[in-house]
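**Q** Before I ask anything, here is the structure I am working with.
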Amino acid sequence: MKKLALAFSLTAMLLLGACSATTTDNKETTKKEDKTEAVQKQASANKLGEAIVVDGMELTLKQLKTTTVSKNEGKETKALYGFEINGKNISSAKLGLGAIDFVVTTTDGKEHRIDDTVSNFGNEIEPDKTISGKAYFSIDKDQKIEQIQYKPVDKVLASWNVEAK
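Below, the structure written as structure tokens:
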């Protein structure tokens, strides 16, 4: 009886040991993360007007003319920065893209979201289709925008340097 229990235990250990996960999965995950970080570092030097591929989309941004916004008795208090955004879905699934996915950073390091008092765009994109629209950001007149960033969740996936206009 002891020999049977011992044989059963050894067989069970061999089967369970053979079914365990290998460590190559961890190495592959690390390699994928390293590639993602390299792409993100590379994306930090994008110029407006150049098409880049990020998150299954080909994005192209163009800066529009900056205008001043008068709010307090005709005083110029804000500058309204506009960007034309074109996104082509190059994946095989539907993707969403909208002005809400973009933020701007100013020279003082602050991050600003879109101005929701102005009409902005956003919609779902079918595979191999393109969407385009405008995103507007209202910034204090004495501030300057340094970058516009594609930040659909909590992580910046791409950024473009903005020139003063």
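In terms of mature numbering (1 follows the signal peptide of the UniProt record, and there is no 0), the sequence shown is residues -21 to -1, 1 to 144. Positions of the beta carbon are idealized from the N, C-alpha and C atoms, including for glycine. No experiment lies behind these values; they were computed from the predicted model shown.
Report the residue from Lys120, Gly66, Glu29, His91 whose alpha carbon sits nearest the alpha carbon of Lys108.
**A** Taking the first residue of the sequence shown as position 1, residue 108 is located at position 129. Comparing Cα positions, the closest option is Gly66.
**Q** By a C-beta neighbour count over all protein chains shown, 10 Å radius and 16 as the cutoff for buried, is Phe(-14) buried or exposed?
**A** Counted from its first residue, the sequence shown places residue -14 at position 8. Looking at its Cβ environment, which holds fewer than 16 other Cβ atoms inside 10 Å, Phe(-14) is exposed.
**Q** Ordered along the chain, which non-local residues of its own chain (more than five positions away) have a Cβ less than 6 Å from that of Glu37?
**A** Counted from its first residue, the sequence shown places residue 37 at position 58. The answer, listed in chain order, is Ala30, Lys67, Ile69.
**Q** Could you pull the DSSP bridge partners for Ile118 from this structure?
**A** Taking the sequence shown and counting its residues from 1, one reaches residue 118 at position 139. Ala58.
**Q** Helix, strand or coil, according to DSSP, for Met(-9) in the structure here?
**A** Residue mapping note: residue -9 aligns to position 13 of the sequence shown, counting from 1. Helix.
**Q** Excluding the five sequence neighbours on either side, which residues of its own chain have a C-beta within less than 7 Å of the C-beta of Thr15, listed in chain order?
**A** To locate residue 15, count along the sequence shown from 1; it is residue 36. Caution is warranted here: a pLDDT of 48 is assigned to Thr15, below 50, making its placement in the model unreliable, and no coordinate value can be reported.
**Q** Just mark Val32 as buried or exposed, buried being the case when its beta carbon has 16 or more other beta carbons within 10 Å.
**A** Within the sequence shown, the letter at position 53 stands for residue 32. Val32 should be labelled exposed.
**Q** Count the other CB atoms, across all protein chains shown, that sit within 10 Å of the CB of Val83; report buried if there are 16 or more and exposed otherwise.
**A** As a first step, residue 83 is located in the sequence shown; it is residue number 104 there, counting from the start. Its Cβ being crowded by 16 or more others within 10 Å, Val83 is buried.
**Q** Pull up the DSSP beta-bridge partners for Ile104, would you.
**A** For this step, residue 104 is matched to residue 125 along the sequence shown. DSSP output for Ile104 lists Leu74 as bridge partner(s).
**Q** Can you tell which of Ser117, Asn102, Ile118, Asn140 has its C-alpha closest to the C-alpha of Ser111?
**A** The residue given as residue 111 occupies position 132 in the sequence shown. Ranking Ser117, Asn102, Ile118, Asn140 by Cα distance to Ser111 puts Asn102 first.
**Q** Counting only the same chain and skipping the five closest in sequence on each side, list residues whose C-beta sits under 6 Å from that of residue 149.
**A** Because the chain in this structure spans residues -21 to 144, residue 149 falls outside the shown range and cannot be described.
**Q** Can you list, in chain order, the residues of its chain with a C-beta nearer than 7 Å to that of Ala(-10)? Leave out the 5 residues immediately preceding and following it.
**A** On the sequence shown, position 12 is the one that residue -10 refers to. Within the same chain, Ala(-10) has no close Cβ partners at all.
**Q** Quick check: what's the CA-CA separation for Ser49 versus Asp119?
**A** By one-based count along the sequence shown, residue 49 stands at place 70. By one-based count along the sequence shown, residue 119 stands at place 140. Each residue's Cα considered, the two are about 11 Å apart.
**Q** What first and last residue would you give for the beta strand (DSSP E) that runs through Lys41?
**A** Within the sequence shown, residue 41 is the residue found at index 62, counting from 1. Element bounds for Lys41: 36 to 42.
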